[in-house]
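Undergrad: In our numbering, the protein residues as written are 23 to 527.
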C-alpha cells in the first residue's frame, strides 16, 4: 500500500526547554501529520547522547534520552515548580540546541524532581525496574560509577570495577544506591512519556519509524557489561573499529571508532544479545530502520589506533542467517534496510533475500556521468524513497551546491526550467511522492523550504551537528493542507481517507 511520512528527530521539535521533548509540541506535530494526510513519523535513535551529541553514539543501546522527559509533566505531578524550571538556562535560540546549557541544567531539574518524587513507593516504578533489569541494572550502575570517575570511559576505571569483579559490583551498588535510583527514575519517566506519545500517534493512524544503529559506542554500558560481544583484547581495548573506506564524499573515509562485534561469539549464542536488542526496539517503534545494513553482509574493519579510515579490510558479517534467526525469534517484523553506500552484488542479494525494502535517496541520483539506481525511473515498489536523510544537506542546500554538469542533468531530468525558485523544493518532493516506491519519507526541512541552515548532520565532522530545531510556528495548517493535497494526488493518503472517511486528530 502506498503511504508517506515525515522525518523529524525528537530533539528538533520546538519546546520551551531548549530541546525537543515529549511535550505538548510533540502531540501538536502528530496532529499536523494527521492533517497532512501522513501515515508515518520517522525519528532518529532515542538513546542518551554522549560527547559529540550524536544519537548514534549512546551510553546505552536500550536507555532513553533523559533530555526528552517533559518538564511540564513533572510540574503537574508537583515534583518541581514552574518557577524553578524557568530559572534554568536552556539556551535562548528557538532554532538551535545548546547542548552545553542543556547538560548543565537538565540533570539539575531532573534531580530535584526525583528527590521530591518518592518514586520508590510507586508500584509502576518497581515493576519497570524488574521488567527491565536485564539492561537497566547495568546501565544505572554504569552511569553512577562513570560520574564518580569524572565521566571518563569505563576502560580507565579502577581495575576491579572495570573488569566487573563481583565484590566491586556489590560495593559500588551499595555505595551509589541513591544515584542508581536517580538513573532508574530517568528511564522510568522517559518510558512513561514516550509510551503515552506513541499511543497517541498510533491512535491517530501514525506509525513510528525508529532507528537502530548497527554499532554501539565503546563508552557505553553495553561494552562494559558485555566485552565478550566485541573484538576486544585482554585489556578490554578494541583490536579493530568500525568505519567506511574513502569515497567521493570522504577522501580519507569515515572513522567512526565503534567497537566491532565478535560475530563468531554471536553465532554460537544464536544471536541472543541481538534478539533482545531488536525485541526492545519493537517495544518502542512500529517499524525499525536498521542502520548500515550492508555490514551484515560485510563490514569494514579498521585497525585500532588508526588516524583515518584509509587502511582497513572488509570482513564477512553474519549474512542471512542473522535475519533468519530474527524472523524465527521475533516473527515477521516491519524493517527498512539502510542499504546506502557502495553495494556489492552480495549486499544486494542479502537485501533481496530478506524481502526488506531498501532506501532510495534522490540527492544521490544526479551524477551526470552515469545512470543511477537512485533515479526514480529505476525504482521498484519495494523501497522507501527520501529526498534526503539526516546525514544529507537539505534538498535546497544540496541543489545550489551541485557541480554545474550535475545540476544541468538534474534540471533536465526534473524539468526544473518550468518552475520558479520558490517551487524547487516541491518538485523534488513531487518526484519522491509520484514514484512507485511503496513509502516516501520527506525530511520536514524540505517541506519548510530550508537551505543549509536546516542541515542536521555532516558525517565525519565534529561540532555544529544535531543542533537544528524547527520553529514553533513553522509547520502551519496551511502547509499541512498543501502536503495533504500532494499526498492525495499521488495516492498516498491513509486508506480510510481514500474511502472518504474523516480522521480526527
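Backbone N, C-alpha and C define an ideal beta-carbon position, used for all residues, glycine too.
What span of residues does the alpha helix (DSSP H) with residue 49 cover, start to end?
TA: Segment 46-57, the alpha helix (DSSP H) holding residue 49.
Undergrad: Just the Cα atoms here: how many angstroms apart are residue 87 and residue 355?
TA: Those two C-alpha atoms are separated by around 25 Å.
Undergrad: Is the separation between the beta-carbon of residue 236 and that of residue 313 shorter than 7 Å?
TA: Their beta carbons are under 7 Å apart, which means residue 236 touches residue 313 by this criterion.
Undergrad: Relative to the C-alpha of residue 475, which residue among 489, 482 and 394 is closest?
TA: That would be 489, whose Cα lies nearest to the Cα of residue 475.
Undergrad: With C-beta atoms as the reference, is residue 25 less than 7 Å away from residue 514?
TA: Their beta carbons are under 7 Å apart, which means residue 25 touches residue 514 by this criterion.
Undergrad: Per DSSP, what kind of secondary structure is residue 27 in: helix, strand or coil?
TA: If DSSP states are grouped into helix, strand and coil, residue 27 belongs with the strands.
Undergrad: Three or more C-beta pairs closer than 8 Å, one from the segment 256-263 and one from the segment 273-292: is that the case here?
TA: Yes, the segment 256-263 is in contact with the segment 273-292.
Undergrad: Between the Cα of residue 423 and those of 411, 406 and 388, spot the shortest distance and give me the residue it belongs to.
TA: It is 388 whose Cα lies nearest to the Cα of residue 423.
Undergrad: Can you tell me which of the three DSSP states residue 252 falls into?
TA: Looking at residue 252 - three-state DSSP - the assignment turns out to be strand.
Undergrad: Tell me the start and end of each unbroken alpha helix (DSSP H) in the segment 230-279 that is at least 4 residues and wholly inside, in chain order.
TA: Those alpha helix (DSSP H) runs which fall completely within the segment 230-279 and span 4+ residues are 243-247.
Undergrad: Can you tell me where the alpha helix (DSSP H) with residue 448 in it begins and where it stops?
TA: Residue 448 -> alpha helix (DSSP H) spans 446-456.
Undergrad: In this structure, how does DSSP classify residue 40 when only helix, strand and coil are distinguished?
TA: If DSSP states are grouped into helix, strand and coil, residue 40 belongs with coil.
Undergrad: Since residue 231 contacts residue 62 with CB under 8 Å, what's their CB separation in whole angstroms?
TA: Correct: roughly 5 Å between the Cβ atoms.
Undergrad: Which ranges does the alpha helix (DSSP H) cover as unbroken runs of at least 4 residues, wholly within the segment 412-495, from first to last along the chain?
TA: For the segment 412-495, whole alpha helix (DSSP H) runs of length 4 or above, ordered along the chain, are 417-421, 426-436, 446-456 and 466-469.
Undergrad: Rounded to the nearest angstrom, how far is the Cβ of residue 408 from that of residue 383, given a contact under 8 Å?
TA: About 5 Å separates the two Cβ atoms, so the contact holds.
Undergrad: What residues are listed by DSSP as bridge partners for residue 336?
TA: Answer is 322, bridged to residue 336.
Undergrad: When the Cα of residue 13 is compared with those of 183, 139, 381 and 179, which residue comes out closest?
TA: In the structure as shown, the chain begins at 23 and stops at 527. Residue 13 is therefore absent and cannot be evaluated.
Undergrad: If you run the structure through DSSP and keep just helix, strand and coil, what is residue 380?
TA: Here residue 380 sits in strand by DSSP.
Undergrad: Going by Cα to Cα distance, which pick from 484, 34, 251 and 257 is closest to residue 534?
TA: Nothing can be reported for residue 534: it is not among the residues displayed for the chain, which extend from 23 to 527.
Undergrad: Can you say whether residue 333 is buried or exposed, counting buried as having 16 or more other CB atoms within 10 angstroms of its CB?
TA: The residue is exposed, with fewer than 16 neighbouring Cβ atoms inside 10 Å.
Undergrad: Any idea what DSSP makes of residue 355, helix, strand or coil?
TA: If DSSP states are grouped into helix, strand and coil, residue 355 belongs with coil.
Undergrad: Of all Cβ atoms in chain B, is any one closer than 7 Å to the Cβ of residue 218?
TA: Absent from the structure: chain B. Only one protein chain is present.
Undergrad: Using only CA atoms, which one of 36, 122, 390 and 83 lies nearest to residue 426?
TA: If we check each option's Cα against that of residue 426, 390 comes out closest.
Undergrad: Going by CA-CA distance only, name the one from 98, 123, 119 and 208 that's closest to residue 133.
TA: Looking at the Cα atoms, 208 is the closest of the given residues.
Undergrad: Can you tell me which of the three DSSP states residue 523 falls into?
TA: Low confidence applies to residue 523: its pLDDT is 38, below 50, so where it sits in the model is not reliable, and the reading given next is rough at best. Of the three classes helix, strand and coil, the one that applies to residue 523 here is coil, per DSSP.
Undergrad: Could you pull out every residue in the same chain whose Cβ sits closer than 7 Å to the Cβ of residue 482, ignoring the five residues on either side in sequence?
TA: Correct list, in chain order: 272 and 276.
Undergrad: Quick check: the segment 336-348 against the segment 289-297, are there 3 or more CB pairs under 8 Å?
TA: Yes, they touch.
Undergrad: Tell me which same chain residues have a C-beta within less than 7 Å of the C-beta of residue 319, skipping the five on either side of it?
TA: 339, 341, 368, 369 and 372, listed in sequence order.
Undergrad: From the DSSP output, read off the bridge partner residues of residue 407.
TA: According to DSSP, which records beta bridges pairwise, residue 407 is partnered with 382 and 462.
Undergrad: Take residue 89 as the anchor and find which of 351, 41, 197 and 439 has the nearest alpha-carbon.
TA: Per the Cα distances, 41.
Undergrad: Within a Cβ cutoff of 8 Å, which residues of the same chain sit near residue 410, ignoring the five residues on either side of it in sequence?
TA: Correct list, in chain order: 383, 384, 385, 416, 417, 420, 465 and 468.
Undergrad: Sort 145, 53 and 33 by Cα distance to residue 503 and report the nearest one.
TA: Comparing Cα-Cα distances from residue 503 to each of 145, 53 and 33, the minimum goes to 53.
Undergrad: Evaluate the contact criterion for the segment 64-78 versus the segment 504-511: three or more CB pairs, one atom per stretch, below 8 Å.
TA: Judged by Cβ distances under 8 Å, the segment 64-78 makes no contact with the segment 504-511, as fewer than three pairs qualify.
Undergrad: What does the alpha-carbon distance come out to for the pair residue 56 and residue 451?
TA: Cα-Cα distance, rounded: 18 Å.
Undergrad: Would you call the segment 213-227 and the segment 176-192 in contact, with 3 or more CB pairs under 8 Å?
TA: Result no; under three Cβ-Cβ pairs closer than 8 Å.
Undergrad: What residues in its chain sit with their C-beta under 7 Å from that of residue 74, if we drop five residues either side in the sequence?
TA: Within the same chain, residue 74 has close Cβ partners 484.
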